[in-house]
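Just below is one structure, and these are the notes that go with it.
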Amino acid sequence: MTDSNPSVTPKHAFRMPKGWEAVIGLEVHAQLKTESKLFSSAPHAFGAAPNTQTTEVDVGLPGVLPVLNEKAVELALRLALALGAKVQPVSIFARKHYFYPDLPKGYQISQYEEPYCTDGAVPIELDGEARAIPLTRIHMEEDAAKNIHDDAVTGGGVTHVDLNRAGAPLVEIVSTPNIHSPEEAGAYLRSLRQILRYLEVSDADMEKGQFRCDANVSVRRAGDVKLGTRTELKNLNSFRFVERAIASEIRRQVELVEGGGKVLQQTLHWDDRSGTATPMRTKEQADDYRYFPDPDLPPLRVEPALLERIRGSLPELPHVRRARYVESFGLPSYDAAVLTEDRDVSAFFEAAVRLYGQPKTVSNWIMRDLLATTTEAGKGLSELPLTPEHLVELLKLVDAGRTTAGSAREVFAQMAKTGERPEAIMRARGLEAVSDSGELERLARTVIDANAAQVAKYRAGETKLLNFFVGQVMKASGGKADPAALREIMTRLLG
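504 is the number that this note's numbering gives to position 294 of the sequence shown; each next residue is one higher, with no gaps.
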């Protein structure tokens with residue numbers, strides 16, 4: 211998913227039909243950040259040539275045995291503990307049977323009656339209000355392969371199957387039906403993805419299939435306790451798609467029931483270009499999958515010592531960090547939200563504040579210059595040759611009057627490209643501030659002589675024109691004049 215910032219959400223654009231309430235539950239599949247698959251040694255790096263990352267286990271050849279990936283279990287436990295879920299001391303892997311081209315074994319290894327954890331919650335903030343969306347469960351399972359529908363090959367519906375993704379480790383995070391608007395669903399997904407990234411459990415990149423969402427939607431009359439018939443929306447590959455699809459499905463169901471119709475329990479395919487959902491199949495029940503414990507996998511037993519080790523390694527979560535930035539650093543809520551969106555940016559900010567102090571000044575430079583640089587370069591902060599020490603050295607050059615704020619921004623841009631020290635860039639590019647009083651006075655007198663009318667107005671009481679004169683000298687100096695020294699000289703000459 212490409213949308214960002216879990217705490218800065220749009221104002222409500224969707225209006226619930228009068229007298230109705232929506233009930234929404236979300237199922238999120240997140241791919242775990244491991245080098246190999248859940249039950250085999252095959253790699254699962256994104257972008258490999260089709261069908262080059264498989265073993266006999268992934269394709270279900272006779273006689274093979276799955277072996278559980280220890281790293282995947284630790285990452286799954288990391289997520290559970292961070293979300294306050296109850297980790298079960300014993301859980302069971304089951305076979306979930308269905309027949310589809312992307313499932314080479316004819317079944318998927320998942321967890322059903324005895325998942326590895328239950329409960330927990332995802333914190334969200336919407337319209338300035340904080341709350342938590344409870345979870346039903348999180349369970350581990352292997353991913354299916356990927357179907358590629360290619361009409362260009364022969365001109366008619368050709369489907370290819372890429373088995374590279376088959377067996378990739380997933381966690382499925384299932385919310386309770388406690389979401390009641392499209393915007394709330396979007397806030398939930400933004401927050402969950404950010405937590406996954408902070409924990410380094412998943413890269414959660416939807417363009418790479420690492421973060422996928424299905425939405426279960428039903429409607430009921432306001433005040434009713436009984437849930438309505440739900441439908442499941444698939445193909446939701448951005449936060450905006452999720453919000454638009456849910457809003458459309460709420461309207462469709464309300465109109466259908468008010469017109470005397472009946473909602474069918476179906477799986478729907480969302481097409482964002484047309485803004486419509488079309489039926490894929492009648493929704494299966496759990497019995498349709500013929501679950502039973504996988505005979506080749508023993509129960510998963512989680513030792514208390516492992517849980518305590520993982521618990522001790524958990525980082526500060528984003529919503530806690532945002533609150534700390536407001537309380538401890540005195541930052542506006544907006545600054546805190548932007549700075550904590552990405553864990554690398556947050557770490558950069560804190561390191562710079564430790565070296566320099568002045569959190570708001572550091573925040574301004576990060577939000578204005580650093581984030582603009584990463585966006586323009588199309589890179590993450592960790593990919594740039596820029597350090598907190600570089601930024602602090604630059605800020606100290608400005609404080610010392612050795613360069614101006616305008617020149618410093620030019621130094622910053624070069625520093626982010628090359629990793630050079632700011633002082634070296636400043637000298638090489640001739641960006642040192644003009645602080646020589648004789649030179650500044652010469653420039654000031656030239657400007658005064660060229661603007662007699664403005665001088666007369668200033669001396670008649672329009673003292674705001676001082677900014678005009680300072681600006682003219684700054685322009686004449688190529689932006690290198692020391693602003694503080696210049697204002698003092700200009701005030702004296704005009705007075």
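Here a beta-carbon is modelled for each residue, glycine too, at the ideal position from N, C-alpha and C.
A quick note: this is a predicted structure, and the numbers were derived from the prediction, not measured.
Check: Segment limits, alpha helix (DSSP H) that includes E642; Outcome: Taken as a continuous stretch (DSSP letters only), E642 belongs to no alpha helix (DSSP H), as it is neither H nor E.
Check: Contacting residues, own chain, Cβ-Cβ under 6 angstroms from T264 (five flanking each side not counted); Outcome: A252 and L373
Check: Any 3 or more C-beta pairs closer than 8 angstroms across the segment 508 to 521 and the segment 459 to 468; Outcome: no
Check: Spatially closest choice to V267 from P260, L275 and G469, by CA coordinates; Outcome: L275
Check: Opening and closing residue of the beta strand (DSSP E) in which I348 lies; Outcome: E339 to E352
Check: Contact the segment 552 to 559 vs the segment 604 to 613: 3+ CB pairs below 8 angstroms; Outcome: no
Check: Status (buried if at least 16 other CB within 10 Å, exposed otherwise) for Y308; Outcome: exposed
Check: Residues of its chain near P216, where Cβ-Cβ distance is below 6 angstroms and the 5 sequence neighbours each way are ignored; Outcome: Its pLDDT being 44, under 50, P216 is placed unreliably in this model, and the value from its coordinates should be taken loosely. The answer, listed in chain order, is R400, S401 and Q404.
Check: Euclidean distance between Cα positions of K436 and G330; Outcome: 24 angstroms
Check: In DSSP terms, what N426 is bridged to; Outcome: G235 and E442
Check: Minimum C-alpha distance to A483 - residue among N447, E620 and A259; Outcome: The sequence shown places Arg at residue 483, rather than the Ala named in the question. Considering only alpha carbons, the answer is N447.
Check: The segment 246 to 261 / the segment 440 to 458 touching (three or more Cβ pairs under 8 angstroms); Outcome: no
Check: Residue environment, Y317, which counts as buried when at least 16 other CB atoms sit within 10 Å; Outcome: buried
Check: Nearest-angstrom beta carbon gap, P503 and A304 [assumed within contact, 8 angstroms]; Outcome: 5 angstroms
Check: Counterpart residues of H370 in DSSP-defined beta bridges; Outcome: I358
Check: Complete runs of the alpha helix (DSSP H) confined to the segment 522 to 596 [at least 4 residues]; Outcome: 528 to 539, 543 to 549, 553 to 566, 569 to 575 and 581 to 587
Check: Proximal residues to A615 (C-beta, below 7 angstroms), its chain only, five neighbours per side dropped; Outcome: V608
Check: G469 to D498 span [Cα, whole Å]; Outcome: 32 angstroms
Check: Under the three-state DSSP convention, the category T364 falls into; Outcome: Low per-residue confidence applies at T364: pLDDT is 47, beneath 50, and the placement is therefore not dependable enough to give any value.
Check: Classification of E394 by the beta-carbon crowding that lies within 10 angstroms, buried from 16 upward; Outcome: buried
Check: Helix, strand or coil at E335 according to DSSP, with G and I counted as helix; Outcome: strand
Check: Status (buried if at least 16 other CB within 10 Å, exposed otherwise) for I234; Outcome: buried
Check: Residue environment, I358, which counts as buried when at least 16 other CB atoms sit within 10 Å; Outcome: exposed
Check: Burial state of T550, where buried means 16 or more other Cβ atoms lie within 10 Å; Outcome: buried
Check: Whether Q185 touches L675 by CB criterion (7 angstroms); Outcome: Because residue 185 is not part of the residues shown, which for the chain are 211 to 705, the question remains open.
Check: Beta bridge counterpart(s) of V381 as assigned by DSSP; Outcome: A240 and M350
Check: Option in F256, W230, T701 and A290 with minimal Cα separation from L524; Outcome: A290
Check: Environment of P595 [buried if 16+ CB atoms lie within 10 Å]; Outcome: exposed
Check: First and last residue of the uninterrupted beta strand (DSSP E) at Q318; Outcome: Y317 to S320
Check: Neighbour-count burial assignment, H370, 16 or more Cβ in a 10 Å radius; Outcome: exposed
Check: From G433, M577 and Q476, residue whose alpha carbon lies closest to that of K228; Outcome: G433
Check: Classification of Y408 by the beta-carbon crowding that lies within 10 angstroms, buried from 16 upward; Outcome: buried
Check: Buried or exposed by the 16-neighbour rule on C-beta atoms within 10 Å, applied to T219; Outcome: Reliability fails at T219, whose pLDDT of 43 lies under 50, so the model's placement of it is uncertain and the value that follows must be treated cautiously. T219 is buried by the Cβ-count criterion.
Check: Delimiting residues of the beta strand (DSSP E) encompassing P709; Outcome: As shown, the chain starts at 211 and ends at 705. That puts residue 709 outside it, with no answer to give.
Check: DSSP state of S301 mapped onto helix, strand, coil; Outcome: strand
Check: Same chain, Cβ closer than 8 angstroms to I319, neighbours up to 5 away in sequence not counted; Outcome: L248, F249, P276, F303, A304, R305, K306, E351, E352, D504 and L507
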